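Peer 1:
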Amino acid sequence: MQRLRATTIALAVTGSIAAYKSAALARSLVQRGARVLPVMTRGAQKFLGAATLSGITGEAVSDDMWDASFAGEMHVSIADAADALVIAPATADVLARLASGRADDLVTAIALCAKGPILVAPAMHPRMWGHPATQANVARLIEHGRVQFVGPVFGEVASGDRGFGRMSEPDDIAAALVAALSPKDLATRRVLITAGPTFEDMDPVRFIGNRSTGKMGFAIAERASARGATVTLVAGPVTLATPRGVRRIDVRSAVEMREAMWQVASPDLSGVDAVIMAAAVADYRFSAIAPYKSKKQGEVVSISLLRNPDIIAEFGAARTGAFPALVAFALETIGGAALVEEARRKLRSKRVDVVVANEARSSLGGDDASVLLVDEISHAPVPLASKHDIADAILSAVARRLV
Ligand SMILES: Cc1cc2nc3c(=O)[nH]c(=O)nc-3n(C[C@H](O)[C@H](O)[C@H](O)COP(=O)(O)O)c2cc1C
């Protein structure tokens, strides 16, 4: 979760009712490890107390660049200290000021002077957002190429009206910031990732599934996208939100997953640069799916199962050179040297580059896991870490193979 550790973020709040949400945003940034320097316009202080932001961030709120007790130039000091500037909420008025390069208040002066990324999360009534003057300001800011918009999104605004103008949720703004600050070592790379379980239907109401939640694959997709990759996520039946910027294809069974993957990769695998198979694909499916709910039978019943395709092994067999990079997962109930042995056996039999080996009891369902990254010559433990940190370790191994 600590994806913003060792960063300093200037959080500028302007005069919209959505200012109350910037308290949650400040908290979210602090929880992600950032030092947050709060800045407020005079308008913002009509909606949110400075004490709230100061209490959450542990920093004094800056609001007046003419404050004589400040030694030096306040806007330059904050711009120098901040790795990124987030303006959330951003009013129609501040967009106008930013678009015309004004610097007559602290927020716009910092924006002109900022070194790093500037994220702007507009919040206003849909008619204000849709007004040609606002849209012209947005177009101008996009043309300048200096700010990145997060939202606004469609939904209900303070007046009860619905439309585009609602501020993005604090967690989505925080995720956009994490992405903006991530290295772009996977830029131009096309990465295909699978996640979650597969469900193999027996009849219209019953199926065989497994306990995979999809969290690992979704974390890999989120981090790959943040690192600049073009990501396609083929997801089994899970209820997780699609990470920002990721194309998602929902499937149910192993056969559907295979079909979706081959469509993305194309038969000669030229459609992808890396494939990361984090899904827990069922090894077997029912030999036939009953069209009606099967009736209760005797005390013991037997079912007939067919072997499912081993999708990553098919990719391994189809690959001729070193591309695409292939990563498989091995979830085992064994540990230690036996786990490494099993991972390497899989690596060879499936002809993949890296096997991410983990023990079921330490990784299924939770937010943290510990894994081994096993390749042909080495095995590197990634000790207990968040699934996002493990995702980064896997993606670094992939990035090294793509140079
Ligand atoms: C109750 C109230 C709610 C407002 N809500 C918004 C809003 O959501 N978005 C917006 O762009 N302006 C809103 N305004 C107008 C701005 O506060 C006003 O344009 C102000 O000058 C913005 O200054 P600032 O950008 O320096 O904070 C609101 C004003 C009032 C009185």
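Going by the numbering used here, the sequence shown opens with residue 1223, and the numbers climb by one from there. For each residue, glycine too, the CB sits at the ideal point set by N, CA and C. Note that the coordinates shown come from a computational prediction; the quantities given were computed from them, not determined experimentally.
Following a CB-centred definition, is Lys1268 positioned closer than 8 Å to any heavy atom of ligand 1?
Peer 2: yes
Peer 1: What does DSSP give as the partner residues of Asp1472 in its beta bridges?
Peer 2: Ala1457
Peer 1: Between which two residues does the alpha helix (DSSP H) harbouring Glu1521 extend?
Peer 2: That residue, Glu1521, is in no alpha helix (DSSP H); it is neither H nor E in DSSP.
Peer 1: Leaving aside the five residues before and after Arg1388 along the sequence, list all residues of the same chain whose C-beta is less than 6 Å from its C-beta, in chain order.
Peer 2: Pro1374, Val1375, Gly1377, Val1379
Peer 1: Are at least three pairs of beta-carbons, each pair with one atom in the region 1495 to 1503 and one in the region 1514 to 1528, less than 8 Å apart?
Peer 2: no
Peer 1: Whether or not the region 1292 to 1307 and the region 1337 to 1347 are in contact is what I'm after, with contact meaning three or more pairs of Cβ atoms, one per stretch, closer than 8 Å; do they touch?
Peer 2: yes
Peer 1: Once DSSP output is grouped into helix, strand and coil, what is the label at His1347?
Peer 2: coil
Peer 1: For Phe1269, name the three-state secondary structure that DSSP assigns.
Peer 2: helix
Peer 1: When the Cα atoms are used, what is the spatial distance from Val1369 to Thr1452?
Peer 2: 21 Å
Peer 1: Let me check you understand the geometry: is the CB of Val1329 closer than 8 Å to at least one non-hydrogen atom of ligand 1?
Peer 2: Ligand 1 has a heavy atom closer than 8 Å to the beta-carbon of Val1329.
Peer 1: Taking 8 Å as the cut-off, is the beta-carbon of Val1379 closer than that to any non-hydrogen atom of ligand 1?
Peer 2: yes
Peer 1: So, is Asp1575 buried or exposed, given that buried needs 16 or more other C-beta atoms within 10 angstroms?
Peer 2: The Cβ neighbour count for Asp1575, taken over all protein chains shown within 10 Å, is at least 16; the residue is labelled buried.
Peer 1: How big is the Cα-Cα spacing for Phe1440 and Ala1504?
Peer 2: 19 Å
Peer 1: Using 9 Å as the threshold, is the C-beta distance between Ala1621 and Arg1469 below it?
Peer 2: no
Peer 1: So within the region 1393 to 1455, which uninterrupted beta strand (DSSP E) runs reach at least 3 residues, ignoring any that extend past its ends?
Peer 2: Segments of the beta strand (DSSP E) lying fully in the region 1393 to 1455: 1412 to 1417.
Peer 1: My output table needs one value for Asn1580: the three-state DSSP class, helix, strand or coil.
Peer 2: strand
Peer 1: When you compare each of Ala1343, Leu1548, Ser1381 to Gly1538 by their alpha carbons, which one comes out closest?
Peer 2: Leu1548
Peer 1: Do the CB positions of Ile1616 and Ala1591 come within less than 9 Å of each other?
Peer 2: Taking 9 Å as the Cβ cut-off, Ile1616 and Ala1591 do not qualify as a contacting pair.
Peer 1: When you measure from the CB of Thr1265 to every non-hydrogen atom of ligand 1, does any distance come out below 8 Å?
Peer 2: The amino acid occupying residue 1265 in the given sequence is Gly; Thr does not appear at that position. Judged by the Cβ position, Gly1265 qualifies as a neighbour of ligand 1 at the 8 Å threshold, a heavy atom of the ligand being closer than this.
Peer 1: In the DSSP assignment, find the beta strand (DSSP E) that holds Phe1551 and state where it starts and stops.
Peer 2: 1547 to 1554
Peer 1: Spatial neighbours of Phe1545 within its chain, please: C-beta separation below 7 Å, excluding the five flanking residues on both sides.
Peer 2: Asp1495
Peer 1: Apply the 10 Å Cβ neighbour rule to Ala1312 and answer buried if 16 or more other Cβ atoms are within range, or exposed otherwise.
Peer 2: buried
Peer 1: Along the chain, where does the alpha helix (DSSP H) containing Ala1361 start, and where does it finish?
Peer 2: 1354 to 1366
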